[in-house]
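Trainee: Chains as they are written, first to last, in my numbering: chain Z, 0 to 357; chain B, 637 to 1165; chain P, 2 to 77.
Glycine included, every Cβ here is placed at the ideal spot set by N, Cα and C.
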Amino acid sequence: MKKRKLIINITAVCLLIISLLLLQRLLMPKYVSAIVEGSLIEEYYQETTGHDVIFVGDCEVYESFSPITLWENYGITSYIRGSAQQLIWQSYYLLEETLQYEKPEVVVFNVLAMKYDKPQKEEYNRLTLDGMRLSPIKIKAIQASMTEKENLIDYIFPILRYHSRWDELTAEDFQYMFKKKKLFHNGYYMRVDVRPVTTVPEGRKLANYRFGDNAYYYLDKMVDLCRDNDIDLVLVKAPSLYPYWYDEWEAQIEEYAAKHDLLYINFLELIDEIGIDFNTDTYDGGLHMNLSGAEKLSVYLGKVLAENYGLKDHRNDDVYKEVWEEKVDFYYDMKAQQYYELEKYGYLKSFGAKPPTS
Amino acid sequence: MLFTSYSFIAFLALLFTVYYLVPRRFQWMLLLFASYLFYFIAGPTYVIYIFVTTLSTYLVSVKLESLNKAQSAYLAEHKDMSREEKKEYKASVKSKQRKWLAACLLFNFGILAVVKYTNFAIANINAVIGAFGGGTQLSFLKLALPLGISFYTFQTMGYIIDVYRGKHPAERNFFKLALFVSFFPQLIQGPISRFSDLAQTLYKEHSFDSRNISFGIQRILWGYFKKVVLADRILVAVNTLIKNPDTYQGAYVLIGMLFYAYQLYADFTGGIDITIGIAQVLGIEVKENFHRPYFSKNIVEYWRRWHITMGTWFRDYLFYPLSVSKPMLNISKHSRRLFGEALGKRIPVYLSTFIVWFATGIWHGASWNFIVWGLMNCVVILISQELKPFYDWFHSRFNVAGKLYFKVFQIVRTVLLMSSIRMFDCYRDVPMTFRMFGTIFTRFSFKPFFDGSLLKLGLDLSDYIVLLAGLIVLTIVSVSQARGSVRRQLEKKPVLVRYAAYYALILSILVLGAYGVGYDSSQFIYNQF
Amino acid sequence: MNTLLRMLKGLHPDVDFETCETLIDDKILDSFDIITLVADINSEFDVTIPAEEIIPENFNSARALYALIERLSNED
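#1: Quick check on residue 55/Z: does DSSP put it in helix, strand or coil?
#2: Measure the alpha-carbon distance for residue 1119/B versus residue 181/Z and round it to whole angstroms.
#3: Does DSSP classify residue 278/Z as helix, strand or coil?
#4: Could you give the distance in angstroms between the alpha-carbon of residue 654/B and the alpha-carbon of residue 912/B?
#5: Measure the alpha-carbon distance for residue 735/B versus residue 742/B and round it to whole angstroms.
#6: Using DSSP with H/G/I as helix, E/B as strand and the rest coil, what is residue 313/Z?
#7: Here's the rule I'm using: 16 or more other beta-carbon atoms within 10 Å means buried, otherwise exposed. How should residue 1041/B be labelled?
#8: Only counting the same chain, and skipping five residues up and downstream in sequence, which positions put a Cβ closer than 6 Å to that of residue 38/Z?
#9: Can you list, in chain order, the residues of its chain with a C-beta nearer than 7 Å to that of residue 1117/B? Leave out the 5 residues immediately preceding and following it.
#10: Evaluate contact between the region 757–767 of chain B and the region 804–821 of chain B, counting only Cβ atoms and requiring at least three cross-stretch pairs below 8 Å.
#11: Got a sec: is the Cβ-Cβ distance from residue 53/P to anything in chain B below 8 Å?
#12: In chain B, which residues lie with their C-beta within 8 Å of the C-beta of residue 150/Z?
#13: Taking all protein chains shown into account, decide if residue 899/B is buried (16 or more other Cβ within 10 angstroms of its Cβ) or exposed.
#14: Using only the heavy atoms of the ligand GDP, determine whether one of them is closer than 7 Å to the beta carbon of residue 328/Z.
#15: I need the straight-line Cα distance from residue 371/Z to residue 843/B, nearest angstrom please.
#16: Could you check whether residue 299/Z and residue 270/Z sit closer than 8 Å to each other, using their CB atoms as the reference points?
#17: Would you report the Cα separation of residue 123/Z and residue 883/B, rounded to the nearest angstrom?
#18: Would you please verify whether the beta carbon of residue 1148/B is less than 8 Å from any beta carbon of chain Z?
#19: Classify residue 315/Z: buried if its beta carbon has 16 or more other beta carbons within 10 angstroms, exposed otherwise.
#20: DSSP on residue 263/Z, reduced to helix/strand/coil?
#21: Which of the three DSSP states, helix, strand or coil, is assigned to residue 50/P?
#22: Can you list, in chain order, the residues of the region 673–706 of chain B whose Cβ is nearer than 7 Å to any Cβ on chain P?
#23: Look at residue 59/Z and residue 224/Z and say whether their C-beta atoms are less than 8 Å apart.
#24: The region 264–296 of chain Z: which residues have C-beta closer than 7 Å to a C-beta of chain B, in chain order?
#25: In angstroms, rounded to a whole number, what distance separates the CA positions of residue 740/B and residue 15/P?
#26: For the region 813–825 of chain B against the region 684–697 of chain B, do three or more pairs of beta-carbon atoms, one drawn from each stretch, fall closer than 8 Å, so that the two count as touching?
#27: Can you check whether the C-beta of residue 1135/B is within less than 8 Å of a C-beta belonging to chain Z?
#28: How should residue 204/Z be labelled, buried or exposed, when 16 other C-beta atoms within 10 angstroms of its C-beta is the threshold for buried?
#29: Can you have a look at residue 66/Z and say buried or exposed, based on whether 16 or more other CB atoms are within 10 angstroms of its CB?
#30: Grab me the residues of residue 1172/B's own chain with a C-beta within less than 7 Å of its C-beta, minus the 5 sequence neighbours each way, in chain order.
#31: Would a C-beta distance cut-off of 8 Å place residue 862/B and residue 905/B closer than the cut-off?
#32: Compare the C-beta of residue 957/B with all C-beta atoms of chain P and state if any pair is closer than 8 Å.
#33: Under 8 Å between beta-carbons, which chain C residues line up against residue 668/B? List them in chain order, please.
#34: Give the range of the alpha helix (DSSP H) segment to which residue 1043/B is assigned.
#35: Using a Cβ-Cβ cut-off of 8 Å, state whether residue 1152/B counts as contacting chain Z.
#36: Please classify residue 1062/B as buried or exposed, where buried requires at least 16 neighbouring CB atoms within 10 angstroms.
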């Protein structure tokens, strides 16, 4: 009798835990048709082969560089671990986490995130952190990112955060409960639509142009991490016209790169050389590159990387060939689909694009 | 640390574990430590207040008892004293004890008065100065109001009065008394326990009793359900309604009134469920504070069933002593002589009732709203007392007593009456409350119920569905409580039914609970970076 | 005893106070009744019932109440 009771209780607790886990999966946002950026980080874990180059940073990495182009032109394998408003400590911990899985030759970090010294917004934290697998590194990333009102436990058990979505669940939440469809190209978010630059806002005057100590602390850590792992760190600044990139910031990065003997590429200064045309190469008026812009940048960056760091051409390597052929197919399929939608509706309807407002 | 915070839940989990791991004779000490820790986290300076109250009460209680002992010893030694001498001697001891008691009451109620009512007094003095054209105004004091001071002061003063009355001996162990005063589950919102009740289980050694613990946890969960799923959800609409009195008048006042009745019930009884549940997990019995109050048929009955420990506190320590005090008995004699039997009898009763409700009102909060709230209760009680002959006549004339429909009518009437008095709790000041109440009659319209206005108060359709379902569950549970403990009834049900109920409870708290940041997808929309 | 029963009858004519033992437990006497009684007793018997004696055991039946009055008047 006592034994029977024990069995019932244990079964009950297990069932409860299982139903909670299922419920948690159901309630978490799926980021498949809207706010697709939320899916960027988790797609990495589906990778089966290693990469020569890892990108970390905010939208200026995942909208500006196309790993497929790097592959097609130079046989460089790469992955972008970028996410929306990725803060530098998040970049650092994402890199540290990536190094648990593989050891790249080169790491590319986009320096715009240096402007943030403190945690910013819970919602953006979520877009980056929820996708990470649970690990001690994730915990550290959460602790570095939390704003004052946040709790660690809300990240470890996301059901506590997303429970109130119960009344806005859609078919998508059930459909993608266990497996999501692939949305990105090794972390690159493809957009083929065009919205030319019309105005370029001037940067507001700031009270203080020096990057914060915390930002520097993590940049130092990133430098050390790369050095310890025998990885070359490259700093880049994507050619987005805004958020505004101040000369004072530029000077600090240049100085930092020189001091630590790092390669720093500011694409804002290379717009003409690369041939970026802000009438055709951006999809949101100069904030982000579209496919055309990203491909141009990638051709340039690939050349620099191949020449400077002697990256091997894997195009004839059987291990990579098969994997990458599939990626290339997916790339061109999506490209064709996007052009098809563009032609049919005059704007991108799916792929996380927002319908035109006016 | 709110009951609904993660840290409180972690605190509980840790305490429950350690409590059953330490040697049993240390359990009460652990509770004392936990209670002071809880209080310290709430505000480090608060600890001083509660400690001072404990210490002063302890010293006086010991003094009272030593006076008692001295008296017994003296009487034993002087057996040959005459009756008159004995009486005189006893009276002198009693008078000494009374002085000590008075000092203790004055000191501790004084602390309460200073921290809680000084600014209220200053505001009133300023208003009077202003009314007479005076220019100088007193400035407000910045005093921290220690958490739960009204509750623990009342509980502790009840204790010292009981010692004085000889109801039970004084607790000789200072730390045990300190635990009685600070026992953390009831610190924030009661119940106000009696030493003679609580002490029976508070200091005992408790072994791990899985049934008791399971019952306690069920009670805690039920409390969280009421608080987090229902009270905190409807709170949004209540706030919208009462914070915008210019927009929401007429029917909205009625809606706000009913919503507030729902919220207060779910919040207060839920909190008490958590308190009693925690105590039960610890093996400690805390007296019930509610007895299905919304099934009361009249206001006197309501006050016997709502916030019971506060009502009985005022009854035993204020109403009775006041009513049977010498001055009051004298008033009684004089008024009977002056106004005749019928009216004269009433005067002292009315006077005591008035004072008690004034005190009850101001105990709830330092504002005229609460005073008027208390006095409104008083008025309703006295009127219904006066109407008693009429009621009796009505009941027998129309033969309605005991009929179900009439019971329902009485219950609805009582709930509406209590809810309307409670509006003083909601609006900014007394005149506004009266004005808003008036609009129910002058600007009433059925439109807000049907034109979708209800969906603009901060709750959407799914929230109303949850609230309605919650109301049904609350009603079913309350009705079942008439047949005894719901948990015991559930225990007898088949395993599947039982676990389905537990699952439903846990999952609904987790999923439907109005806690956390709340999901607003627009916040996630990626627009700039 | 008869005086006391008369007093009680005056409050609740319909109750049989000679046999009822649950005046408080069954909520027949409420707090108003009790203090009215205490005042009446004070004027009729010249006995003051102190607040600490207002407990259910002393008011549950007419007999218990009478015993209380006798005890208090003997103490004086």
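Mentor: Taking the structure as given:
#1: Taking the first sequence and counting its residues from 1, one reaches residue 55/Z at position 56. Three-state result, residue 55/Z: strand.
#2: The residue given as residue 1119/B occupies position 483 in the second sequence. The residue given as residue 181/Z occupies position 182 in the first sequence. So the alpha carbons of these two residues sit roughly 58 Å apart.
#3: Working through the first sequence from its first residue, we reach residue 278/Z at position 279. Three-state result, residue 278/Z: coil.
#4: One-based indexing of the second sequence puts residue 654/B at position 18. One-based indexing of the second sequence puts residue 912/B at position 276. So the alpha carbons of these two residues sit roughly 19 Å apart.
#5: Numbered from its first residue, the second sequence carries residue 735/B at position 99. Numbered from its first residue, the second sequence carries residue 742/B at position 106. For residue 735/B and residue 742/B, the distance between alpha carbons rounds to 10 Å.
#6: Taking the first sequence and counting its residues from 1, the one referred to as residue 313/Z is at position 314. The answer is coil: DSSP assigns residue 313/Z none of H, G, I, E or B.
#7: Walking along the second sequence from the start, residue 1041/B turns up at place 405. Per the 10 Å Cβ criterion, exposed.
#8: For this step, residue 38/Z is matched to residue 39 along the first sequence. Hits under 6 Å: 30 and 182.
#9: Here residue 1117/B corresponds to residue number 481 of the second sequence, with the count starting at 1. Within the same chain, residue 1117/B has close Cβ partners 928.
#10: no
#11: In the third sequence, counting from the first residue as 1, residue 53/P sits at position 52. Yes, its Cβ sits closer than 8 Å to a Cβ of chain B.
#12: Position 151 of the first sequence, counted from the first residue, corresponds to residue 150/Z. Neighbours of residue 150/Z on chain B, chain order: 642.
#13: Taking the first residue of the second sequence as 1, we reach residue 899/B at position 263. Buried, by the Cβ-count rule.
#14: Among the ligands in the structure shown, none appear at all, so the ligand GDP cannot be discussed.
#15: Residue 371/Z is absent from the structure shown; chain Z starts at 0 and stops at 357.
#16: Position 271 of the first sequence, counted from the start, is the residue given in the question as residue 270/Z. Position 300 of the first sequence, counted from the start, is the residue given in the question as residue 299/Z. Cβ distance not < 8 Å, so residue 270/Z and residue 299/Z don't count as in contact.
#17: Translated into positions along the first sequence, residue 123/Z becomes position 124. Translated into positions along the second sequence, residue 883/B becomes position 247. Their Cα atoms are separated by approximately 36 Å.
#18: To locate residue 1148/B, count along the second sequence from 1; it is residue 512. It does: the Cβ of residue 1148/B has a partner Cβ on chain Z nearer than 8 Å.
#19: Counted from its first residue, the first sequence places residue 315/Z at position 316. Exposed, since its Cβ has fewer than 16 Cβ neighbours within 10 Å.
#20: Your numbering for residue 263/Z matches position 264 in the first sequence. Three-state DSSP puts residue 263/Z in a strand.
#21: Within the third sequence, numbered from 1, the residue matching residue 50/P stands at position 49. If DSSP states are grouped into helix, strand and coil, residue 50/P belongs with coil.
#22: none
#23: By one-based count along the first sequence, residue 59/Z stands at place 60. By one-based count along the first sequence, residue 224/Z stands at place 225. No.
#24: none
#25: Taking the second sequence and counting its residues from 1, one reaches residue 740/B at position 104. Taking the third sequence and counting its residues from 1, one reaches residue 15/P at position 14. Computed Cα separation, rounded: 45 Å.
#26: yes
#27: One-based indexing of the second sequence puts residue 1135/B at position 499. By this cut-off, residue 1135/B is an interface position.
#28: To locate residue 204/Z, count along the first sequence from 1; it is residue 205. Residue 204/Z should be labelled exposed.
#29: In the first sequence, the residue the question calls residue 66/Z occupies position 67. Classification for residue 66/Z: buried.
#30: Look at the range of chain B in this structure, 637 to 1165, and you will see that residue 1172/B is not part of it.
#31: The residue given as residue 862/B occupies position 226 in the second sequence. The residue given as residue 905/B occupies position 269 in the second sequence. Yes. Within cutoff.
#32: The sequence position of residue 957/B within the second sequence is 321, counting from 1. Output row for residue 957/B: interface = yes.
#33: The question asks about chain C, but that chain is absent: this structure's protein chains are Z, B and P.
#34: Locating residue 1043/B in the second sequence gives position 407, where the first residue counts as 1. From DSSP, the alpha helix (DSSP H) with residue 1043/B extends over 1040–1057.
#35: Along the second sequence, read from residue 1 onward, the residue named residue 1152/B stands at position 516. For residue 1152/B, the answer is yes, since a Cβ of chain Z falls inside 8 Å of its Cβ.
#36: By one-based count along the second sequence, residue 1062/B stands at place 426. Classification for residue 1062/B: buried.
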